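Encoded as structure tokens, the structure appears first; notes follow it.
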Amino acid sequence: MIRHDGQLPPSAPKPSLRGRVLGIELRRVREAAGLTVAELAARSGRSPDAVQRLEKGLTDDPTPDPTVQCAWGSPATSMVNILCRVSERIDIFAPLGIHPALEDLGVHRCTAYVLESTTVDRHDVVVRVLRHEAGVFPGIEYHPLTRFCLPDSTAVVFYPYLHAAHFTEEPEHLLAAYTLFERLAEFTGTDNPAQSG
1 MIRHDGQLPP SAPKPSLRGR VLGIELRRVR EAAGLTVAEL AARSGRSPDA
51 VQRLEKGLTD DPTPDPTVQC AWGSPATSMV NILCRVSERI DIFAPLGIHP
101 ALEDLGVHRC TAYVLESTTV DRHDVVVRVL RHEAGVFPGI EYHPLTRFCL
151 PDSTAVVFYP YLHAAHFTEE PEHLLAAYTL FERLAEFTGT DNPAQSG
């Protein structure tokens with residue numbers, strides 16, 4: 001739509017992945033302190049609208065960055081903890097075992113797919129075993145990954161690399177993760193994790 005002055009309207013603000021995670025934490029801390037948006041705005045010298053934009057992760061950047069990559073340590077662990085806490089559904093492809101940074105997963109919302117010979121000594125996930133006798137492991141060409149399905153119907157894919165943690169909501173990664181977990185559910189004879197839970 002073109003405005004009456006012939007200019008294109010400014011695009012609606014969009015959340016960046018980093019902004020969304022920061023906003024989730026800001027809201028959690030504000031609510032834990034028992035503050036309303038208006039009270040936090042007054043204390044911080046910002047408008048209530050500005051606080052709400054921060055909590056939603058909104059930015060004026062027309063192409064917000066859909067990825068966050070950080071070295072292992074506090075930033076990566078914080079991202080993982082926040083995503084574990086707020087996700088409605090968590091699906092893990094971990095052929096050799098679940099990454100130790102993934103904590104408090106919740107058996108009612110988390111499924112992990114591991115190879116048959118892998119020992120998983122956890123009770124906070126549903127484990128689906130990929131058996132050797134089938135001869136083929138669909139998706140085995142994938143790097144281990146975790147898909148966090150958030151309450152607002154968006155998802156974040158997490159790749160735990162040796163040197164860094166990579167989080168993304170890029171469409172091609174989301175599609176690849178969805179396809180992988182659909183195949184793994186078929187392969188193990190279980191429900192599609194994206195549709196169950």
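By UniProt numbering, the letter at position 98 of the sequence shown is numbered 98, and the numbering carries on one by one without gaps.
Using N, Cα and C, we set each Cβ at its ideal position, and we do this for glycine too.
These figures come from a predicted structure and were not determined experimentally.
Would you tell me roughly how many angstroms separate the C-alpha atoms of residue i and residue j, rounded to the nearest one?
| i | j | result |
| --- | --- | --- |
| A155 | E55 | 18 Å |
| A38 | A50 | 10 Å |
| P144 | N81 | 18 Å |
| F158 | E186 | 22 Å |
| G73 | R27 | 23 Å |
| Y178 | A94 | 15 Å |
| L17 | E88 | 17 Å |
| R122 | R46 | 45 Å |
| L96 | L174 | 22 Å |
| E116 | P64 | 40 Å |
| G139 | E182 | Confidence at G139 is low in this model, with a pLDDT of 49, below 50, so its placement is unreliable and no value can be given for it. |
| D152 | I90 | 14 Å |
| Y161 | T77 | 13 Å |
What first and last residue would you give for the alpha helix (DSSP H) that runs through residue i?
| i | result |
| --- | --- |
| L54 | 48-56 |
| R183 | 171-188 |
| A41 | 37-44 |
Just reading off the beta strand (DSSP E) that residue i is part of, what are its end residues?
| i | result |
| --- | --- |
| R147 | 145-149 |
| P160 | 155-160 |
In terms of DSSP beta bridges, what is residue i paired with?
| i | result |
| --- | --- |
| P15 | L58 |
| A164 | A71 |
| V29 | Partner(s): none; V29 has no beta bridge. |
| R128 | Y113 |
To the nearest whole angstrom, what separates the beta carbons of residue i and residue j, a pair I think is in contact under 8 Å?
| i | j | result |
| --- | --- | --- |
| K14 | L83 | K14 to L83, Cβ: 19 Å. No contact. |
Could you give the uninterrupted runs of the beta strand (DSSP E) lying entirely in the segment 72-126, keeping only those of 3 residues or more? 89-93, 110-115
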